[in-house]
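Reading through the structure tokens given below for one structure.
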Amino acid sequence: MFIFHCADTHLGYRTFNKTVPIEERNAGLNQREADVYDAWDKLVDEAIEKKPDIFIHAGDFFDRVSPSNRAIVRAREGLYRLSEAGIKSVILAGNHETPRLTETGHVFSLLERIPNITIMYSGKPETKPIGDVLVTGVAHSSTLAEQVSNATPDSNYKYNILVTHGSVTGTGIGVFENNELNQTTLPIELFNKDWDYIALGHYHNYTELKNNMCYCSSPERLSISEAGHPKGYVLAELPGPKFEHKEIEAREYVELEYDAKTHGHESLTDKLMEKVKFSEPDGKILRLRIKNLSKELWATVDRKALQNTAKQSINLAIEPELISSNMIAVSNSEIGPLPEEFQKYLEEVPIEDISEKEKQFILEKAQEVLF
Numbered sequence: 036m037f038i039f040h041c042a043d044t045h046l047g048y049r050t051f052n053k054t055v056p057i058e059e060r061n062a063g064l065n066q067r068e069a070d071v072y073d074a075w076d077k078l079v080d081e082a083i084e085k086k087p088d089i090f091i092h093a094g095d096f097f098d099r100v101s102p103s104n105r106a107i108v109r110a111r112e113g114l115y116r117l118s119e120a121g122i123k124s125v126i127l128a129g130n131h132e133t134p135r136l137t138e139t140g141h142v143f144s145l146l147e148r149i150p151n152i153t154i155m156y157s158g159k160p161e162t163k164p165i166g167d168v169l170v171t172g173v174a175h176s177s178t179l180a181e182q183v184s185n186a187t188p189d190s191n192y193k194y195n196i197l198v199t200h201g202s203v204t205g206t207g208i209g210v211f212e213n214n215e216l217n218q219t220t221l222p223i224e225l226f227n228k229d230w231d232y233i234a235l236g237h238y239h240n241y242t243e244l245k246n247n248m249c250y251c252s253s254p255e256r257l258s259i260s261e262a263g264h265p266k267g268y269v270l271a272e273l274p275g276p277k278f279e280h281k282e283i284e285a286r287e288y289v290e291l292e293y294d295a296k297t298h299g300h301e302s303l304t305d306k307l308m309e310k311v312k313f314s315e316p317d318g319k320i321l322r323l324r325i326k327n328l329s330k331e332l333w334a335t336v337d338r339k340a341l342q343n344t345a346k347q348s349i350n351l352a353i354e355p356e357l358i359s360s361n362m363i364a365v366s367n368s369e370i371g372p373l374p375e376e377f378q379k380y381l382e383e384v385p386i387e388d389i390s391e392k393e394k395q396f397i398l399e400k401a402q403e404v405l406f
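Residue numbers for the sequence shown follow my numbering, beginning at 36 and rising by one.
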């Protein structure tokens, strides 16, 4: 028996000002929004090719509580393709699409009543029998840890699978031990029951926590912290479980660094342009950090020329770390829509002691106000 485990597609996600060229599919769309739609399509293509017994999406199907009509349409198109292929699927809600107020209503209600597709978003343990397997899902809620502790395998079934979305602590892995804003933590002791497989979402990099438990990775890179990490899904086999991360192509993030402490008499602009060119920036998302930089030396940099070096990239964020001040200059002079400019600001400004998830929370709140 094979389980196709994916998560964190974040349909509707958008950032930067780059749009899809007119001659390409998704012409005119924000490039990053198109990237996540393409990633979802690839997952569906892979699932139809692999013909798993169960398809699982472990949360953050959408990027926002109120996704655009386009995001909803693309989501439903993929679900109908899975349905028509006869693939039994379970789609669980994560924190990004779950409203904080119950009167808001849940976007997942629009995905119900598609044949072969089970939607779980109550925040309490929900079950779906599929042959001799019982899938138990616990969607995001303010009482997630308590609800996960209430979920129990059923011995009447040959296999029991648990699906949930959150940050597992007590693993000894540093990234999971940070008490980040808006992060629902799940002590690893909650998972000591006899589950045959535990399908997790929320953390975007593939991580095996126990021999029956893993984060499958997101199918697309959504932040610089994911640079260099493979993207895709997990194909798990029962009994066992045996599971393998299957990679799919994703947009490349590149982190560049230049230490101005060792800078000589040559042009700093030329040195930075050389570094950007060497990264082969076309189609990539770049972050250039300039360390130990004086205000005087920073003032000599031709930022427009530097940006032009990467004009075929999706974005170049320049982060000068000034010696005498925590303030930095903003690298892009072009002003776009206010929500996009605010998101670009969060991408480009290195604020100390703030995590990527805290930035995401700030962005979500800003989008609620600005859209």
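Glycine is no exception: its CB is placed at the ideal position from the N, C-alpha and C atoms. Keep in mind it's a predicted model, so treat the numbers as computed, not measured.
Does DSSP classify R324 as helix, strand or coil?
-> strand
Which partner residues of I89 appear in the DSSP bridge assignment?
-> Its beta-bridge partners are I38.
For E279, the three-state DSSP class (helix, strand or coil) = strand
Grab me the residues of G140's own chain with a C-beta within less than 8 Å of its C-beta, minus the 5 sequence neighbours each way, in chain order.
-> P134
Quick one: Cα of I149 to Cα of P355, how far?
-> Going by C-alpha positions, I149 is about 50 Å away from P355.
Delimiting residues of the alpha helix (DSSP H) encompassing N343 | R338 to T344
DSSP on C288, reduced to helix/strand/coil?
-> Here residue 288 is Tyr; the residue named in the question, Cys, does not match the sequence. For Y288, the three-state secondary structure derived from DSSP is strand.
S202, enclosing beta strand (DSSP E) - first and last residue | S202 to T204
Go through the segment 294-325 residue by residue and report every complete run of the alpha helix (DSSP H) that reaches 4 residues or more, in order.
-> 303-313
Taking the beta strand (DSSP E) that S124 falls in, what are its first and last residues?
-> S124 to L127
Please classify E147: does DSSP put it in a helix, a strand, or coil?
-> coil
Measure the CB-CB distance between I353 and N327 and report whether it falls below 8 Å.
-> For the pair I353 and N327, the CB atoms are not nearer than the 8 Å cut-off.
Endpoints, the beta strand (DSSP E) within which V168 is located = V168 to V173
First through last residue of the beta strand (DSSP E) which encompasses K163 = E161 to I165
Delimiting residues of the beta strand (DSSP E) encompassing K330 = Per DSSP, K330 belongs to no beta strand (DSSP E); it is in the alpha helix (DSSP H), K330 to W333.
Over the uninterrupted beta strand (DSSP E) stretch that includes V269, give me the two end residues.
-> Where V269 is concerned, the enclosing beta strand (DSSP E) stretches over K266 to E272.
Should N343 be labelled buried (16 or more other beta-carbon atoms within 10 Å of its own) or exposed?
-> exposed
Any idea what DSSP makes of I83, helix, strand or coil?
-> Residue state, collapsed to three classes: helix.
Rounded separation between G267 and C41 - CA only | Approximately 7 Å, taken between the alpha carbons.
Whole angstroms is fine: what's the gap from E292's alpha carbon to K306's?
-> Whole-angstrom Cα-Cα distance: 11 Å.
CA nearest to the CA of W230, picked from E138, V269 and V168 | For W230, the closest C-alpha among the options E138, V269 and V168 is that of V168.
Exposed or buried, which one is N246 when buried takes at least 16 other CB atoms within 10 Å?
-> exposed
Quick one: grab the DSSP three-state call for N104.
-> Correct three-state label for N104: helix.
Proximity to V55 [Cα-Cα], best of G318, I397 and L351 | G318
Could you check what DSSP says for M362 in three-state terms: helix, strand or coil?
-> Here M362 scores only 49 on pLDDT, less than 50, and its place in the model should not be relied on; the value that follows carries that caveat. Three-state result, M362: coil.
Would you call the segment 124-131 and the segment 88-102 touching, i.e. three or more CB-CB distances under 8 Å?
-> yes
Same chain, Cβ closer than 8 Å to D88, neighbours up to 5 away in sequence not counted | Cβ contact annotation for D88 (same chain, cutoff 8 Å, sequence separation greater than five): M36, F37, I38, K123, I165, G166 and V168, in chain order.
State the start and end residues of the unbroken alpha helix (DSSP H) segment that holds L179.
-> L179 to N185
May I ask you to report which of helix, strand or coil DSSP gives N217?
-> Its pLDDT being 46, under 50, N217 is placed unreliably in this model, and the coordinates cannot settle the point.
List the residues that DSSP assigns as beta-bridge partners of I152.
-> S124
Who are the Cβ neighbours of R324 in its own chain at under 6 Å, not counting the five residues just before and after it?
-> E292 and E354
Can you give me the Cβ contacts of D43 inside the same chain, cut-off strictly under 6 Å, excluding the 5 residues immediately before and after it?
-> Sequence-distant Cβ neighbours of D43 in its own chain, meaning closer than 6 Å and more than five residues away, are D95, G236, H239 and S253.
Cβ of I152 within 8 Å of Cβ of L145?
-> no
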